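One structure is given below, encoded as structure tokens.
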Amino acid sequence: MKIAILKETAAGETRVAASPETVKKFVGLGATVAIEKGAGLNASMADADYAAAGAMVGTQAAVIQDADIVLGVQGPDPKALKNAAKGAWIVAGLDPLGQRARVDAYAKMGAEALAMEFMPRITRAQSMDILSSQSNLSGYKAVVDAAGVYGRAFPLMMTAAGTVSAAKAFIMGVGVAGLQAIATARRLGAQVSATDVRSATKEQIESLGAKAVFVENVAGIEGEGAGGYATEMSDEYKVAQAELVSAHIAKQDIVITTALIPGRAAPRLITDAQIVTMKPGSVIFDLAVSQGGNVEGSKADEVVIKHGVKIMGYSNTPAHLAADASALFARNLFNFLSAFWDKEAGRPVLDEEIGDAIRLTKDGKVVHERLLG
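Count along the sequence shown starting at 1, add 93, and that's the number in the working numbering.
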């Protein structure tokens with residue numbers, strides 16, 4: 094069983110799908126591991142460390158030759174996989190809904206593509222969940238970088254020269270990223286508030302010491318999506334939320350937006366009219382900017398100044414924490430493959446529950462129900 098790790102080629106992608114730690118563990122399972130030269134350098138993981146862990150470090154052609162499993166952070170170029178073993182597994186974040194042509198190419202070449210972002214949110218799959226591990230770091234990074242751009246202190250400071258007031262931070266969307274953003278802003282000393290369309294998150298917000306800001310007595314989302322994700326809000330709720338947010342946002346120094354709906358454009362949470370009401374020098378970090386943005390006027394990888402407010406967001410936030418993001422991503426992949434490792438077969442054998450949830454292609458066909466019809 095040969096496991097191959099290629100150097101990521103997507104623009105701005107600094108992560109790598111395996112670490113020396115996970116390479117050593119794969120070798121311990123009996124696998125042969127090959128990694129492309131320089132694949133981990135942007136994540137502070139040296140070729141020598143991979144070699145010491147038991148990996149063969151070489152050219153892309155040598156690494157992919159007869160590979161049974163190809164690991165990636167993002168989906169590799171199908172052209173780079175032409176010499177992989179027949180029916181090879183491609184295990185990565187594949188963006189199936191946004192990169193359908195690439196999925197079709199995987200099917201055409203006979204590969205079995207496994208989309209890690211489709212991992213079901215069930216207890217036994219928590220350690221395999223790339224969305225959670227990467228969102229956790231994204232929430233942290235959003236607050237830290239917003240603090241850097243803000244240009245003022247976060248905590249309350251009492252000095253002989255006078256008092257510096259604590260910054261007010263508002264987190265919109267309380268999933269994994271939002272919860273980490275709350276915790277990080279609190280650790281930095283800000284006065285933190287947060288909101289979400291899912292009423293079940295109110296207790297989570299308050300447990301972290303933040304103020305919960307919620308629309309009361311109005312029907313919320315049409316229903317929670319699979320795995321606890323939010324789905325589209327009702328029109329009545331949108332109006333009520335906009336009024337509440339408009340009044341609250343005008344008082345904030347830092348706003349972090351994190352709202353995403355899988356497979357759809359990010360919902361608009363902050364309009365230009367609301368930005369006008371904010372204090373000059375305030376900062377908005379749009380974590381959803383790569384999927385259309387929660388904030389009107391936000392642009393990926395740019396700091397946009399509108400009405401004196403700085404609006405920012407990264408197209409790939411975890412890539413700005415490459416070492417830690419790679420280490421967690423690599424563990425997600427190892428946890429997944431090792432959980433299904435069949436010692437007699439010398440390879441992983443998937444069950445129906447998880448296999449059917451993440452398998453996009455098999456035997457030359459696209460098989461996932463979300464991609465059919």
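In this text, a Cβ means the ideal position worked out from N, Cα and C, and glycines have one as well. Remember, it's a predicted structure, so these values are computed and weren't measured experimentally.
Beta-bridge partners of residue i, as assigned by DSSP
i: D379; result: T350
i: I128; result: I98, V150
i: R452; result: L207
i: T256; result: M251
i: V396; result: DSSP, once it has assigned bridges, lists no residue as partnering V396.
i: P441; result: W434
i: K175; result: Answer is none; K175 lacks a bridge partner.
i: K372; result: According to DSSP, K372 bridges with nothing at all.
i: V156; result: Answer is none; V156 lacks a bridge partner.
i: V459; result: T454
Residue i, buried or exposed, once every other Cβ within 10 Å from all chains shown has been counted against 16
i: S112; result: buried
i: T107; result: buried
i: P373; result: exposed
i: K458; result: exposed
i: E315; result: Note on E315: pLDDT 43, under 50, position unreliable in the model; no value is reported.
i: I347; result: buried
i: A319; result: Note that A319 scores 46 on pLDDT, short of 50, meaning its location in the model is unreliable and no value can be drawn from it.
i: F433; result: exposed
i: G321; result: Because G321 carries a pLDDT of 49, less than 50, the predicted location of this residue cannot be relied on, and the following value inherits that uncertainty. Per the 10 Å Cβ criterion, exposed.
i: S419; result: buried
i: I215; result: exposed
i: E446; result: exposed
i: R291; result: buried
i: T252; result: exposed
i: L465; result: exposed
i: G168; result: buried
i: Q219; result: exposed
i: T277; result: buried
i: G255; result: exposed
Beta-carbon proximity check, residue i vs residue j, cutoff 8 angstroms
i: G232; j: G271; result: yes
i: S137; j: A416; result: yes
i: I275; j: A293; result: no
i: V116; j: Y143; result: yes
i: G386; j: G406; result: yes
i: L453; j: V166; result: no
i: G302; j: L249; result: no
i: V109; j: G133; result: yes
i: A97; j: V156; result: yes
i: I377; j: V396; result: no
i: T370; j: A333; result: no
i: N229; j: Q297; result: no
i: K234; j: T410; result: yes
i: I128; j: N425; result: no
i: V285; j: A305; result: no
i: S431; j: L122; result: yes
i: T102; j: D188; result: no
i: H400; j: I349; result: no
i: A381; j: A359; result: yes
i: V257; j: A246; result: yes
i: G356; j: L190; result: yes
i: D435; j: V442; result: yes
Where the beta strand (DSSP E) containing residue i begins and where it ends
i: S228; result: Per DSSP, S228 belongs to no beta strand (DSSP E); it is in the alpha helix (DSSP H), 223-243.
i: L421; result: No beta strand (DSSP E) contains L421, which is instead part of the alpha helix (DSSP H) from 415-432.
i: V166; result: 162-167
i: V402; result: 402-405
i: M265; result: 261-265
Whole-number beta carbon distance between residue j and residue i, since they are thought to touch under 8 angstroms
i: T351; j: G241; result: No, T351 and G241 are not in contact; Cβ-Cβ is about 19 angstroms, not under 8 angstroms.
i: A146; j: D161; result: 19 angstroms between Cβ atoms; not a contact.
i: Y199; j: A206; result: 4 angstroms
i: D379; j: I404; result: 7 angstroms
i: D394; j: S375; result: About 20 angstroms; that fails the 8 angstroms criterion.
i: I451; j: M212; result: 6 angstroms
i: F422; j: F119; result: The pair is not a contact, with the Cβ atoms about 14 angstroms apart (cut-off 8 angstroms).
i: G105; j: A412; result: 6 angstroms
i: V308; j: L337; result: 6 angstroms
i: N176; j: Q158; result: 5 angstroms
For residue i, the first and last residue of its enclosing alpha helix (DSSP H)
i: Q284; result: First-last for Q284: 284-288, but that is the beta strand (DSSP E), not the alpha helix (DSSP H).
i: G121; result: 113-122
i: L337; result: 328-342
i: V196; result: 193-201
i: A145; result: 140-145
i: V184; result: Segment 182-186 is the beta strand (DSSP E) holding V184; no alpha helix (DSSP H) there.
i: K295; result: 295-300
i: A278; result: 269-280
Heavy atom of the ligand MG within 7 angstroms of residue i beta-carbon
i: K331; result: Of ligands this structure carries none, so the ligand MG is not represented either.
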